[in-house]
């Protein structure tokens, strides 16, 4: 039986899929939504109010690049008025002093700036955008000067892991309170570019060593969150803290999803916040109920002592690698497909295919 | 950089502490973090105004809860140092 439904902790709003950068591991779907289909300001404000009403505590403003929306400060102000902790997830290439002042005045709590490397040569190549790195450094300074909390998002992979130590140093120099060192997760664009991104086992071990040492040296100065790649894992991650347990995502056009990659799963119908309230979708939408809790699980997840620790891992990864969204995530050592996943990682990381298929609207 | 009895604790600038009606409890909100402090931690956090030091907080709570002052001080320091390690409390 499933436990009673708890209130969700956080909502991620993809305000737009427009973005000047072309990162080949973008978390947006391959089929990007168009500007003309984006929700308007009034609808986003209603969504924020409804989400606060069912108990979310954190509002993440994301994209695409959320700063392409001129109504961002108005939405931040509204979220703050609803008592939410407000977080801007941005490439920061559009941040300037005037816009920083507007956002700070609106009550923004925290800014997360993505970095693609520790220097312009690597970072601008990965982002597919000239001068991105320099703009980000300037933007980090603006966030710090405005007195807001700053996190650096360092997405790491085979082509920038040699700069990991330098990226941690960059976070300290930029005055960030926190760095998220996140190995690429292979969905959507990243899955398409997996062979160019996946690290070798030796690279992963070195990265883990660097993070462990930095955590000890920088305790109380810099918080380091570390996301490891599933392909070399022994146990799966509790993806999203469990399907539809803590978190939901809203696309630019208003589709409400249990995770940003959920649209890759066949047979699920994702309802729109323009047609039903956030609370009703959270509690009753068939897509949210489908993999919620443990009732849907088959062996080896069913009856496993870890069923309520990792919640079966990731549904999108199970689908991508086994063809069955209801299977145990192959990141788990108990999955019959576990060895296949590890073999894929070893083969692709050693193949030296480095060209990217950059993110773009098709 | 541990807090001592003489330290004056306050919430870090990027942290918010408030009551949450949906869960009927207090919450500490920080980047990608939600902490639900227990009743004792709530009592300590409510005293963290950036004016009084930890010794004064312990005095106040020892009186309020009729508890041994040294034990209260030790509990306050442990809890506040734990949050300071998470960059949620500054002094």
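Residue numbers (our numbering), protein chains in the order written: chain G, 59 to 420; chain B, 24 to 114. All C-beta atoms, glycine included, are put in the ideal place defined by N, C-alpha and C. Quick caveat, the model's predicted, so the values are computed rather than measured.
Strictly below 7 Å CB to CB, what residues from chain B border residue i?
| i | result |
| --- | --- |
| residue 145 of chain G | 54 |
| residue 258 of chain G | Those within 7 Å of residue 258 of chain G in chain B number zero; the least Cβ separation is about 29 Å. |
Give the interface partners of residue i over in chain G, defined as CB-CB distance under 8 Å, in chain order.
| i | result |
| --- | --- |
| residue 41 of chain B | 141 |
| residue 37 of chain B | 167, 168, 206, 207 and 235 |
| residue 31 of chain B | The contacting residues do not exist; residue 31 of chain B stays about 17 Å from chain G at best. |
| residue 65 of chain B | Those do not exist, as residue 65 of chain B stays about 16 Å from chain G at its closest Cβ, beyond 8 Å. |
| residue 95 of chain B | Near residue 95 of chain B there are no residues of chain G at all, since even the closest Cβ is about 24 Å away, more than 8 Å. |
So with CB distances below 7 Å, who are the chain G contacts of residue i?
| i | result |
| --- | --- |
| residue 108 of chain B | 277 and 278 |
| residue 50 of chain B | 115 |
What does a CB cutoff of less than 6 Å around residue i pick up in its chain, not counting 5 residues either side in sequence?
| i | result |
| --- | --- |
| residue 42 of chain B | 49 |
| residue 362 of chain G | none |
| residue 75 of chain G | 86, 90, 91, 122 and 310 |
| residue 103 of chain B | 26, 32 and 112 |
| residue 445 of chain G | It is not possible to answer for residue 445 of chain G, since the shown part of chain G is limited to 59 through 420. |
| residue 385 of chain G | 376 |
| residue 350 of chain G | 301 and 302 |
If you drop the 5 nearest sequence neighbours on each side, which residues of the same chain put their C-beta closer than 8 Å to that of residue i?
| i | result |
| --- | --- |
| residue 99 of chain B | 67, 77, 80, 81 and 84 |
| residue 162 of chain G | 204, 205 and 206 |
| residue 159 of chain G | 204 |
| residue 259 of chain G | 290, 403, 404 and 407 |
| residue 221 of chain G | 175, 176, 177 and 180 |
| residue 337 of chain G | 108, 111 and 112 |
| residue 57 of chain B | 50 and 51 |
For residue i, count neighbouring Cβ atoms within 10 angstroms of its own Cβ and tell me buried if that reaches 16, exposed if not.
| i | result |
| --- | --- |
| residue 290 of chain G | buried |
| residue 342 of chain G | exposed |
| residue 398 of chain G | exposed |
| residue 281 of chain G | buried |
| residue 226 of chain G | buried |
| residue 360 of chain G | exposed |
| residue 83 of chain G | buried |
| residue 3 of chain G | No statement about residue 3 of chain G is possible, as the shown extent of chain G runs from 59 to 420 and does not include it. |
| residue 312 of chain G | buried |
| residue 322 of chain G | buried |
| residue 94 of chain G | exposed |
| residue 419 of chain G | exposed |
| residue 295 of chain G | buried |
| residue 367 of chain G | exposed |
| residue 37 of chain G | Since the displayed chain G opens at 59 and closes at 420, residue 37 of chain G lies outside it and no answer follows. |
| residue 96 of chain G | buried |
| residue 370 of chain G | buried |
| residue 110 of chain B | buried |
| residue 101 of chain B | exposed |
Rounded C-beta distance between residue i and residue j? I'm assuming under 8 Å.
| i | j | result |
| --- | --- | --- |
| residue 165 of chain G | residue 148 of chain G | Between residue 148 of chain G and residue 165 of chain G the Cβ distance is about 16 Å, and since that is not below 8 Å, they are no contact. |
| residue 168 of chain G | residue 54 of chain B | 5 Å |
| residue 146 of chain G | residue 114 of chain G | No, residue 146 of chain G and residue 114 of chain G are not in contact; Cβ-Cβ is about 16 Å, not under 8 Å. |
| residue 347 of chain G | residue 339 of chain G | So it is not a contact: roughly 11 Å between Cβ atoms. |
| residue 79 of chain G | residue 187 of chain G | 5 Å |
| residue 140 of chain G | residue 106 of chain G | 6 Å |
| residue 38 of chain B | residue 52 of chain B | 7 Å |
| residue 66 of chain G | residue 306 of chain G | 6 Å |
| residue 171 of chain G | residue 211 of chain G | 7 Å |
| residue 96 of chain B | residue 28 of chain B | 6 Å |
| residue 356 of chain G | residue 326 of chain G | Between residue 326 of chain G and residue 356 of chain G the Cβ distance is about 18 Å, and since that is not below 8 Å, they are no contact. |
Since residue i meets chain B, which of its residues come closer than 9 Å, beta carbon to beta carbon?
| i | result |
| --- | --- |
| residue 131 of chain G | Chain B residues near residue 131 of chain G: none, gap ~19 Å exceeds 9 Å. |
| residue 380 of chain G | Ordered by position in chain B, no residue passes the 9 Å Cβ test against residue 380 of chain G, which lies about 30 Å from the chain. |
| residue 322 of chain G | Ordered by position in chain B, no residue passes the 9 Å Cβ test against residue 322 of chain G, which lies about 24 Å from the chain. |
| residue 270 of chain G | By Cβ distance, chain B contributes nothing, its closest Cβ being about 16 Å from residue 270 of chain G, past 9 Å. |
| residue 148 of chain G | By Cβ distance, chain B contributes nothing, its closest Cβ being about 14 Å from residue 148 of chain G, past 9 Å. |
Since residue i meets chain B, which of its residues come closer than 8 Å, beta carbon to beta carbon?
| i | result |
| --- | --- |
| residue 243 of chain G | Here the premise fails: no neighbours, minimum Cβ distance about 16 Å. |
| residue 74 of chain G | Neighbours of residue 74 of chain G on chain B: none; closest Cβ ~22 Å, over 8 Å. |
| residue 309 of chain G | Per Cβ cutoff of 8 Å: no residues; residue 309 of chain G is ~21 Å from chain B at best. |
| residue 107 of chain G | Going along chain B, no residue has its Cβ under 8 Å from residue 107 of chain G, so there is no contact; the nearest lies around 14 Å. |
Who are the Cβ neighbours of residue i in its own chain at under 7 Å, not counting the five residues just before and after it?
| i | result |
| --- | --- |
| residue 59 of chain G | Any answer about residue 59 of chain G is weak, because its pLDDT of 43 lies below 50 and its placement is not dependable; what the coordinates show is given next. Within the same chain, residue 59 of chain G has no close Cβ partners at all. |
| residue 45 of chain B | none |
| residue 380 of chain G | 388 and 395 |
| residue 137 of chain G | 106, 117 and 144 |
| residue 335 of chain G | 108 |
| residue 219 of chain G | 257, 261 and 265 |
Could you tell me which chain G residues have their CB closer than 9 Å to the CB of residue i, listed as they occur along the chain?
| i | result |
| --- | --- |
| residue 45 of chain B | 65, 110, 111, 112, 113, 114 and 115 |
| residue 77 of chain B | Going along chain G, no residue has its Cβ under 9 Å from residue 77 of chain B, so there is no contact; the nearest lies around 17 Å. |
Measuring only from the beta carbon, is residue i closer than 6 Å to any heavy atom that is part of the ligand GTP?
| i | result |
| --- | --- |
| residue 41 of chain B | This structure simply doesn't include the ligand GTP, nor any ligand for that matter. |
Counting Cβ pairs, one atom from each stretch, are 3 or more of them under 8 Å apart for the segment 304-323 of chain G and the segment 238-257 of chain G? yes
So, do the segment 226-237 of chain G and the segment 200-210 of chain G have three or more beta carbon pairs nearer to each other than 8 Å? yes
Taking contact to mean at least 3 C-beta pairs separated by less than 8 Å, is the segment 149-157 of chain G in contact with the segment 184-203 of chain G? yes
For the 8 Å Cβ check, are there 3 or more pairs between the segment 246-262 of chain G and the segment 168-183 of chain G? no
Inter-stretch contact (C-beta, 8 Å, three-pair minimum) for the segment 251-270 of chain G and the segment 211-219 of chain G: yes
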